[in-house]
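In my numbering, the protein residues as written are 2 to 337. Ideal Cβ placement from N, Cα and C applies to all residues, glycine included.
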């Protein structure tokens, strides 16, 4: 088992934050950083996935592994995440159905966009397998499947030119923002909650920055120089969140996604805020690791097993939702 490190620590913290934010009505939610900024833990999670790809596709000496091995490694991980998504969806649907039976409340079947499955199971099962039907709060793994599926393309391009890979990624991002490209949902209406064509930029950015950080000290130098800018961005995010200042998507000029705070399309404001968070909190791990080793070690252990922890956390958050929304509420009604 590897020693605690910054990547595993921050990934573990992101997992805990996502779990807390997925349980409605709990006290701790108000203290997560998503309540005090424009971006949230999802950006951190995807960025770290890209950073980890940069580490995983190289040997311990930093030498790139053979191209075919890198492609097969990423495709294997894609299949692993896909299997986890299917398993989690089946368990979640069974939990929702069981909760509806226990409390004799058919409205529970509508939780997290599950109603389509129970109303039209034939088409919806096909949609589940195709990842075009997703439950609410269970939609980040489908994003990961697509991102990992296209990651080999950017990894191989970056072997020749990091700037070319980043440029192509940024071009796809901007085109998706302007044209509002997204993957369609089916059999229901609408699009994916996380647009892969926009979120891929964060994955590629993490990969490219890891490679740059490995080969040069320039990134660390500029990170220190831009630390005050990161603090300023974080403070601005706190002010905007506390005062609930957000642009009205119906009033901003076209292309509207360039000026909104939309999470689905990872709009520029969210991306810029996340970069500020990176600059402001990048040095924190080195400060806290020797001072609170038990907490750091625990969070790093969560981050080290991110897929299993996220999958279990998603299931537990659904159970906690039943507690907060239904079972606890029924106790109050009986007592009254």
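State the Cα-Cα distance for the pair residue i and residue j, rounded to the nearest angstrom.
i           : j           : result
residue 26  : residue 164 : 44 Å
residue 218 : residue 134 : 44 Å
residue 186 : residue 109 : 22 Å
residue 203 : residue 105 : 44 Å
residue 314 : residue 84  : 16 Å
residue 19  : residue 235 : 19 Å
residue 115 : residue 225 : 47 Å
residue 231 : residue 274 : 8 Å
residue 227 : residue 285 : 15 Å
residue 229 : residue 200 : 26 Å
residue 50  : residue 148 : 10 Å
residue 257 : residue 128 : 30 Å
residue 220 : residue 290 : 22 Å
residue 325 : residue 279 : 33 Å
residue 93  : residue 162 : 43 Å
residue 309 : residue 254 : 42 Å
residue 156 : residue 319 : 36 Å
Identify whether residue i lies in helix, strand or coil by the three-state DSSP scheme.
i           : result
residue 18  : helix
residue 74  : helix
residue 106 : coil
residue 4   : coil
residue 137 : coil
residue 278 : helix
Using 8 Å as the threshold, is the C-beta distance between residue i and residue j below it?
i           : j           : result
residue 142 : residue 86  : yes
residue 12  : residue 312 : no
residue 90  : residue 136 : yes
residue 300 : residue 47  : no
residue 241 : residue 39  : yes
Tell me residue i's beta-bridge partners as DSSP assigns them.
i           : result
residue 192 : 185
residue 59  : 65
Need the endpoints of the alpha helix (DSSP H) that residue i sits in, please.
i           : result
residue 237 : 228-243
residue 30  : Unbroken run through residue 30: none, as it is neither H nor E.
residue 322 : 307-322
residue 326 : Residue 326 -> no alpha helix (DSSP H), and no H or E assigned at all.
residue 129 : 122-131
Tell me, please, whether the CB atom of residue i is closer than 8 Å to any CB atom in chain C?
i          : result
residue 65 : Included in the structure is just one protein chain, with no chain C present.
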